[in-house]
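Using the working numbering, you'd call the opening residue of the sequence shown number 9 and step up by one each time. Take a look at the structure below.
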Amino acid sequence: MTRDNEQTEYSEQERIKRICAGQKELYRDFVQDTKDQVYAIIRRQIDSHEIAEELAQETYIKAYRNLHNFRSDATFSTWIIRIALNTTYSYFRSRRYKESLQNDPIETVQYSTPDSTEHELETKEQLKQFRDCYAKLTEKFQEAISLCGLEEKTYEEAATIIDIPVGTVRSRLNKARLLLRDCMAKHHLGEAL
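Rendered as structure tokens:
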């Protein structure tokens, strides 16, 4: 570990201690440093900008309320990603999400050619089917797809975030891909994976 890393970890730990001791304004630094990453992780799983922003805010509220539980063996960004993923999974399990599937249209995908309406409809249907199949996966498989597939984290980074061995990340990712292929194949979309 380099001296810069030691100083960063120390200053992060020190900031957390100060926030827990009442210096709440220091929490803004953590939010500022991680807000784009947290939003991106949530947005890749949620098709609504408004809901993604709401879940990001919820993530930071949960993190703030549980800051005293922060373990120093991880960085704040790793910890907040974990909370963001859990918040997103909770949303997928919620009644609100299930109702939104019935009421909200899928976002339109824009293409450069004006006569691509048939392609847009096909792509929207594929996106809907993918989201339906993704929602059927268990959390551990959603994590693997989200981190390694959508977020393009390395196996090592994903293992740190999820707090499991690298081999388990690989295993879950492979199993998740197989489950998605099977589900999508039932909808004649399996080759897209």
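The beta-carbon is built from N, C-alpha and C at its ideal position, and this holds for glycine as well.
Would you grab the beta carbon distance between residue i and residue j for me? Rounded to a whole angstrom, and I think it's under 8 Å.
i    : j    : result
R180 : F149 : 6 Å
C141 : H76  : C141 to H76, Cβ: 38 Å. No contact.
L155 : I172 : So it is not a contact: roughly 11 Å between Cβ atoms.
H195 : Q137 : 4 Å
For residue i, collect the residues of the same chain with a Cβ closer than 7 Å to its Cβ; drop the 5 residues on either side in sequence, then sort them by chain order.
i    : result
A184 : L145, F149, A152 and I153
E164 : V174
I88  : T42, V46, T67 and A71
C191 : C141 and K144
L187 : L145 and F149
L34  : R23, R26 and I27
Going by beta carbon distance, what residues of the same chain come within less than 6 Å of residue i, once the five residues before and after it are set aside?
i    : result
L158 : R52
A193 : none
S80  : Q21
V39  : Y68
R90  : I169
F100 : A143
So, at 8 Å on beta carbons, what are the nonlocal neighbours of residue i in its own chain, with the 5 sequence-adjacent residues on each side left out?
i   : result
I50 : A60, L63, A64, T67, A92, T95 and T96
Using 8 Å as the threshold, is the stretch 19-33 in touch with the stretch 51-69, meaning 3 or more CB pairs across them?
With a cut-off of 8 Å, the stretch 51-69 and the stretch 19-33 do not count as touching, because too few Cβ pairs lie within range.
Within the stretch 60-109, note down every full alpha helix (DSSP H) run reaching 4 residues or more, in order along the chain.
Unbroken alpha helix (DSSP H) stretches of 4 residues or longer found wholly inside the stretch 60-109: 84-101, given in chain order.
Which runs of the alpha helix (DSSP H) spanning at least 4 residues fall entirely within the stretch 152-176, listed in chain order?
With a minimum length of 4 residues, the continuous alpha helix (DSSP H) runs that stay inside the stretch 152-176 are 163-170.
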